[in-house]
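Residue 162 is where the sequence shown starts when you use my numbering, and the numbers rise one by one after that. Below: one structure, written as structure tokens.
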Amino acid sequence: MRPMAQIAMVMNLDKCIGCHTCSVTCKQAWTNRNGMEYVWFNNVETRPGQGYPRRYEDQEKWRGGWELNKRGALKLKNGGRIKSLLGIFSNPKLPEIKDYYEPWTYDYKNLTDAPLGDDYPVAEPRSLIDGKPMKVEWSSNWDDNLGGVTEHGYLDPMVAKVRQQAAEKVKFAFEQTFMFYLPRICEHCLNPSCVSSCPSGAMYKRAEDGIVLVDQDGCRGWRKCVTGCPYKKVYFNHATGKAEKCTLCYPRLEVGLPTVCSETCVGRLRYLGVILYDADKVTEAASTKDEQALYQAQLGVFLDPEDAEVRQAAERAGIPYDWVEAARRSPVHALISRYKVALPLHPEYRTMPMVWYIPPLSPVVDALTETGHDGEDADNLFGAIDTLRIPLEYLAEIFTAGDVEPVRASLNKLAAMRSHMRAVNLGERPGREIAESVGMDGPEIEEMYRLLAIAKYEDRYVIPTAAVGDARRLEESAVPEACSLDHADGPGMGGDGPFGQDSGQKQLPLVTIENFHAARKRQTSDDEPEDVREQQ
């Protein structure tokens, strides 16, 4: 046993309203500069839909993730070292700008400065890449709320897979279709194919918390990582010639603050916490032959922080005591391993993703209510899960490599929780049979309800701070070396370099840990900060 700690995330899709607040705040914090106009570290997709970039899930085309060779060993889907070396100067397996979208703005000056006349001036769209007039034909959010689904819906790779199994399950007549929102960030995988794809070794996974980062000084712009990532969450900054990706807001995590997308989430659907896992089992689990067994194999990698043997092994491995305690209280561990309602995104890519999802149940309840039946009644819900608009096969293709049973089990637990809590809220005594039908008891269901429905800030985000001795190294040294992004005079902010304007490397200012601790106090305090009161 070789215990390691990983900061992981769970998103409850039942609560996502598709407002894109997480995307906008992430954009402002991390990618609001030259060369990153088309980049969204966080985006919210409407399913069914093609996603961002278009059809990123089609690994037969993009060759991301891992596969097994003839001996059953893992190998990169895009080829090993020899193939990578031969094609290092020409890598055709990359999304083009049309697969993302050409970012644009509008010629607002034409509105304000147009001479008086009989016609109405317009703000013509102009490309943010070359400044020329353009026709808007696609964007990162083109499928929003089923926009264009009747025309483009069949291009969703998951729809194609489901239709091979059950042709009548997915229809695009508006009165028969379904939809839900799927927020996506980097998965910060246990077995990241982007790291293994990088020829220069600039991509790396931090040992202390599992966050995958890019060393901006070490990156040579080969873009193999873009191909290697099956989720297409590594991007190329065309102004600096460097790869960039979601950092899981590590400067915030190191002082106990959640990520920006979590902090600003309107639906409070995100959970952050520590998971302990056995590093010696990762390769074995990722090499599981049956794709539909990969979900259970990854569950087997995770360790129980309540186990005395695990705690002792963690201490010997140098994992701080407060991290082990955080793992015990982790909402992510509870939703993934204890209640088993959260599922991984595309485990068949064999990267062992660490951002998991609770599948949506709300459309089931809403559709039941529309038929005149009680949408919260257990008998109605259990019977409807297999027959309503969201096909279990579609959800299974996204979360469990096509295995319907884990999806059904998760939805049944969510349905049991709703029925149980309905009885409690009506002052009735809930029957034991509801909880027992999903392998739980009453108190356990009520604990799950508190976590999923009414959990407070400190219950949703259980984040241990960086050790005091490591704080300066992690926050001041790592910023310029590991992921120097949006700092004054840094890459992307000014100066000329080998890749043209804005690619020069400058001396970066240090980030003081006191600033982040002050931010934490302001954001989590129930009282008005003293400096604000003094100004008043």
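Note that beta-carbon positions come from the ideal geometry of N, C-alpha and C, so glycine has one too. Note that this is a predicted model, so its numbers are computed, not measured.
Exercise. Applying the criterion that 16 or more other CB atoms from any shown protein chain within 10 Å of the CB defines a buried residue, is F341 buried or exposed?
Worked result: Residue environment for F341: buried (at least 16 other C-beta atoms within 10 angstroms of its C-beta).
Exercise. What does a CB cutoff of less than 8 Å around K394 pick up in its chain, not counting 5 residues either side in sequence?
Worked result: So the qualifying residues of the chain are F202, R345, I346, C347, E348, K406 and C407.
Exercise. What's the C-alpha gap between T273 and P282?
Worked result: Rounded to whole angstroms, the separation of the alpha carbons of P282 and T273 is 9 Å.
For this session: Return the CA-CA distance between V623 and K270, expressed in angstroms with no decimal places.
Result: Going from the Cα of V623 to the Cα of K270 covers about 48 Å.
Problem set entry | Option in I595, N173, I168 and E476 with minimal Cα separation from A503 | Cα-wise, what sits closest to A503 is N173.
For this session: Run the CB neighbour count on I606, radius 10 Å, all protein chains shown included, and call it buried at 16 or more, exposed below.
Result: In this structure I606 is buried. Its beta-carbon is surrounded by 16 or more other beta-carbon atoms within 10 angstroms.
For this session: Identify every run of the beta strand (DSSP E) within the stretch 398-482, keeping only runs that are complete inside it and at least 3 residues long; order them along the chain.
Result: List check, beta strand (DSSP E) in window: 403-406 and 431-439.
Problem set entry | Whole-angstrom C-beta distance between L437 and A475, which should lie under 8 Å | A475 to L437, Cβ: 6 Å. Contact.
For this session: Determine which residues share a DSSP beta bridge with P344 and list them.
Result: Under DSSP, the beta-bridge partners assigned to P344 are V205.
Problem set entry | G238 and G226 closer than 8 Å at C-beta | In the sequence on display, residue 238 carries Lys and not Gly. A contact, by the Cβ cut-off of 8 Å.
For this session: Please work out which residues of its chain come closer than 8 Å, Cβ to Cβ, to I178, disregarding the five sequence neighbours upstream and downstream, and give them in chain order.
Result: For I178, where only same-chain residues beyond five positions count, the Cβ hits under 8 Å are Y342, V427 and G428.
Problem set entry | 6 Å Cβ shell around Y396 - same chain, five flanking residues per side excluded | Result list for Y396: V200 and E405, in chain order.
For this session: Determine the burial state of Q189: buried for a count of at least 16 other Cβ atoms within 10 Å of its Cβ, exposed for fewer.
Result: Classified as exposed, Q189 has fewer than 16 neighbouring CB atoms from the shown chains inside 10 Å of its CB.
Exercise. Count the other CB atoms within 10 Å of the CB of S358; is the residue buried (16 or more) or exposed (fewer)?
Worked result: By the neighbour-count criterion, in which 16 or more other beta carbons inside 10 Å mark a residue as buried, S358 falls on the buried side.
Problem set entry | For K236: DSSP bridge partner residues | The secondary-structure analysis by DSSP pairs K236 across a beta bridge with E228.
Exercise. Would you report the Cα separation of W484 and E285, rounded to the nearest angstrom?
Worked result: Going from the Cα of W484 to the Cα of E285 covers about 53 Å.
For this session: Check the C-beta distance from M513 over to L351 and give it rounded, since I have them as a contact under 8 Å.
Result: Yes, they are in contact, since the Cβ atoms of M513 and L351 sit about 4 Å apart, within 8 Å.
Exercise. What three-state label does DSSP hand M162 in the structure shown?
Worked result: The answer is coil: DSSP assigns M162 none of H, G, I, E or B.
Exercise. What's the call for L246, buried or exposed, on a 16-neighbour Cβ count within 10 Å?
Worked result: Result: exposed.
Problem set entry | From Y392, L409, D304 and A169, residue whose alpha carbon lies closest to that of S491 | Of the residues Y392, L409, D304 and A169, the one whose Cα lies closest to the Cα of S491 is A169.
For this session: Could I get the ranges of all uninterrupted alpha helix (DSSP H) runs contained in the stretch 556-623, with 4 residues as the minimum, in chain order?
Result: DSSP runs (the alpha helix (DSSP H)) wholly in the stretch 556-623: 565-586, 593-597, 603-614 and 618-621.
Exercise. If M373 sits next to V387, beta carbons under 8 Å apart, how far is it from one beta carbon to the other, in whole angstroms?
Worked result: At residue 373 the sequence reads Val, which differs from the Met that was named. Actually they do not touch by this definition, with Cβ atoms about 14 Å apart.
For this session: Check the C-beta distance from Y482 over to V323 and give it rounded, since I have them as a contact under 8 Å.
Result: Contact doesn't hold; Cβ gap of about 47 Å is too wide.
Exercise. For the alpha helix (DSSP H) that S245 lies in, which residues bound it at each end?
Worked result: Note, S245: alpha helix (DSSP H), R242 to L247.
For this session: Could you check which residue in Y365, G371 and C390 has the C-alpha nearest to that of D378?
Result: Closest option to D378, judged by alpha-carbon separation, among Y365, G371 and C390: Y365.
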